[in-house]
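Chemist: Sharing a structure here in structure tokens format.
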Amino acid sequence: MEVKTVQAIAFSSMCAGTIPPEFIRSEKEQPAITTFHGYIPQVPTIDFSDPDEEKLTRLIVEASSEWGMFQIVNHGIPCDVLNNLQKVGKEFFELPQEEKELYAKPPDSKSVQGYGSKLQKEVEGKKAWVDHLFHNIWPPPAINYQFWPKKPPTYRAANEEYAKWLQGVAEKLFGRLSLGLGLGESTLKESVGGDELLYVLKINYYPPCPRPDLALGVVAHTDMSAITILIPNEVQGLQVFRDDHWFDVKYISNALVIHVGDQLEILSNGKYKAVLHRTTVNKEKTRMSWPVFLEPPPDQVVGPLPQLVNEENPARYKTKKFSDYMHCKLNKIPQ
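In UniProt numbering, the protein residues as written are 1 to 335.
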């Protein structure tokens with residue numbers, strides 16, 4: 001790869017105690033200046049096993065409308081499935097550099113799949129303190145095993161097992177969110193591709209940073225997915241923007257962090273809010289996270305659902321192919 005990885009830069013930066021200028025954010029973004037340290041409102045935590053279905057739907061709808069983010073506990077995915085997913089991801093990033101580069105994203109690729117550092121157009125040439133690995137984990141026709149590491153040898157089994165369990169969680173989330181809009185339980189899932197809905201895994205690797213006060217792991221953004229389901233490791237880093245402030249999202253062991261993405265905001269015509277979030281980094285510890293983006297297939301056309309649009313509530317978003325939406329978002333072109 002022509003680009004030096006952040007992991008390599010982190011190693012040399014630690015010795016120097018400084019970071020290259022392209023990683024230093026402007027004052028309006030620097031975590032030391034912009035993180036709120038007073039009373040911190042907590043992102044809602046929802047018991048996904050609650051037998052009271054009406055209450056569960058109400059809580060998910062409220063969190064999706066007011067926060068765009070919530071954490072679910074008792075989601076039914078066994079702890080060892082989550083632990084194995086994290087273990088093999090960590091082992092991959094600890095491999096020698098030349099082994100990781102076997103999975104590098106091809107330079108001319110239109111897809112995000114592969115190992116690398118650069119994802120979207122960088123504003124003012126600034127860079128994020130993160131390396132990543134992307135690959136699809138579901139449905140089977142969308143999987144390209146070229147981007148699945150062969151080391152550690154249990155990588156594939158751990159990811160396939162997680163994908164299997166995740167589908168039940170996704171199904172239930174889409175169902176509750178659909179009912180919350182007064183629609184049939186399957187409406188939202190069908191609107192984002194039904195059985196062709198893509199599950200895109202991204203492993204984020206944020207190495208220790210000598211100046212965590214100046215850098216960001218991932219800059220402020222909303223996800224272009226419909227829903228994102230994320231597992232973080234125990235190192236604090238996820239922040240949410242609310243009431244004009246950046247707040248830390250508390251780590252809860254074995255919880256799944258749910259983000260409302262752009263496509264769900266569009267489909268709901270603004271009832272559900274895509275969450276603005278970012279990631280900070282740590283001076284001593286490596287932070288990692290495993291988001292899975294539930295995305296429409298590229299040719300799926302997404303727009304405000306006709307059932308939610310009328311004279312009093314006109315369409316607030318354009319209807320377009322997901323591939324076109326993605327192109328605009330990654331290249332910072334107005335939608």
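Idealized CB from N, CA, C, for every residue including glycine.
(1) Only counting the same chain, and skipping five residues up and downstream in sequence, which positions put a Cβ closer than 6 Å to that of T5?
(2) Curious, which full-length alpha helix (DSSP H) runs of at least 4 residues does the stretch 50-109 contain?
(3) Among G194, R156, A157 and N159, which has the Cα closest to the Cα of E171?
(4) Go ahead and label A226 buried or exposed: buried means 16 or more other beta carbons lie within 10 angstroms of its beta carbon, across all protein chains shown.
(5) Among N269, H75 and V235, which has the Cα closest to the Cα of R287?
(6) Where do the N-terminal and C-terminal ends of the beta strand (DSSP E) with E185 fall, by residue?
(7) What's the C-alpha gap between M1 and S178?
(8) Determine whether the beta carbon atoms of F134 and G114 lie at a separation below 8 Å.
(9) Return helix, strand or coil for E2, following the three-state DSSP convention.
(10) Short of 7 Å in beta carbon distance, which residues of its chain neighbour G270, apart from the five on each side in sequence? Order them along the chain.
(11) Return the residue from the list E190, P208, E161 and N159 that minimises the CA-CA distance to F174.
(12) Given S49, which residues of its chain have a CB within under 6 Å of its CB, disregarding the five upstream and five downstream residues?
(13) Touch check for the stretch 212-230 and the stretch 151-163: three-plus C-beta pairs under 8 Å?
(14) Taking just the CA atoms, how far does S111 sit from K105?
(15) Determine the burial state of T319: buried for a count of at least 16 other Cβ atoms within 10 Å of its Cβ, exposed for fewer.
(16) Over the uninterrupted beta strand (DSSP E) stretch that includes K202, give me the two end residues.
(17) Looking at the secondary structure, which residues open and close the alpha helix (DSSP H) in which F174 lies?
(18) Is C15 buried or exposed, if buried means 16 or more other CB atoms sit within 10 Å of its CB?
(19) Could I get the ranges of all uninterrupted alpha helix (DSSP H) runs contained in the UniProt domain "Fe2OG dioxygenase" (196-296), with 4 residues as the minimum, in chain order?
(20) Quick one: give me the first and last residue of the beta strand (DSSP E) that L133 is part of.
(21) Where do the ends of the beta strand (DSSP E) carrying Y115 lie?
(22) With a CB to CB cut of under 6 Å and the five nearest residues on each side skipped, what residues in its chain are close to Y205?
(23) Can you tell me whether I9 is helix, strand or coil according to DSSP?
(24) What does the Cβ neighbour count give for D262, buried or exposed, with the cut at 16 atoms within 10 Å?
Modeler: On the basis of the data shown:
(1) The answer, listed in chain order, is S117 and D131.
(2) 53-66, 79-93 and 97-100
(3) G194
(4) buried
(5) V235
(6) Counting along the chain, E185 falls outside any beta strand (DSSP E), and DSSP gives it neither H nor E.
(7) Residue placement at M1 cannot be trusted, given a pLDDT of 38 that sits under 50; the coordinates are not used to answer.
(8) yes
(9) Low per-residue confidence applies at E2: pLDDT is 44, beneath 50, and the placement is therefore not dependable, though the value from the model is reported in the following sentence. Three-state result, E2: coil.
(10) R316
(11) E190
(12) N74
(13) no
(14) 8 Å
(15) exposed
(16) L198 to Y206
(17) Counting along the chain, the alpha helix (DSSP H) containing F174 begins and ends at Y155 to L179.
(18) exposed
(19) 262-267
(20) D131 to W138
(21) G114 to G116
(22) F93, D131 and M288.
(23) For I9, the three-state secondary structure derived from DSSP is helix.
(24) buried
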